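**Q**
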Ligand code: SF4
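Residue numbers (the working numbering): 88 to 219.
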């Protein structure tokens, strides 16, 4: 149950942070509520691989995107079906047409912020339980 909630929070975070600026977004979709799915989500590499993206990103900590890029290329791009050339030599990625590659910094930031929020909530619950 907790997992489903977290995934939905991540989806909303991505819609707020990434979809509103995405060059693929449907016209006018930037004013839609973050709880509402965009019609391009089924085809979007970010949404299609979101659980895997979160799992890959979580253990990585770094100031630059390099380790995230390598991790996601290995975990997501190799098995991606959004492009016929997906993998190490993906033309979509090379031309910054893949939303995941294009908005990777924002995606990583959303995952890390959600994790921080989750840790903060867990800490608050633990403190409340100790006081009770
Ligand atoms: S392609 Fe992906 S990131 Fe872009 S608007 Fe659609 S769902 Fe959002």
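Note that beta-carbon positions come from the ideal geometry of N, C-alpha and C, so glycine has one too.
Note that the coordinates shown come from a computational prediction; the quantities given were computed from them, not determined experimentally.
Excluding the 5 residues flanking residue 192 on each side, which residues of the same chain have their C-beta closer than 7 Å to its C-beta?
**A** Taking the chain shown and counting its residues from 1, the one referred to as residue 192 is at position 105. Closer than 7 Å at the Cβ level, and outside the excluded window around residue 192, lie 152.
**Q** Check whether the Cβ of residue 134 sits closer than 7 Å to any heavy atom of ligand 1, and report yes or no.
**A** One-based indexing of the chain shown puts residue 134 at position 47. Yes, the Cβ of residue 134 comes within 7 Å of a heavy atom of ligand 1.
**Q** Going by the C-beta, is residue 156 closer than 7 Å to any heavy atom of ligand 1?
**A** Indexing the chain shown from 1 puts residue 156 at position 69. No, the Cβ of residue 156 stays beyond 7 Å of every heavy atom of ligand 1.
**Q** Which value, in whole angstroms, describes the spacing of the CA atoms of residue 240 and residue 199?
**A** This structure cannot settle anything about residue 240, because the visible part of the chain is limited to 88 through 219.
**Q** Expressed to the nearest angstrom, what Euclidean distance is found between the alpha-carbon atoms of residue 140 and residue 111?
**A** Looking up residue 140 in the chain shown gives position 53. Looking up residue 111 in the chain shown gives position 24. Each residue's alpha carbon lies about 20 Å from the other.
**Q** Hey, could you find the ends of the alpha helix (DSSP H) residue 197 is sitting in?
**A** Taking the chain shown and counting its residues from 1, one reaches residue 197 at position 110. Element bounds for residue 197: 191 to 218.
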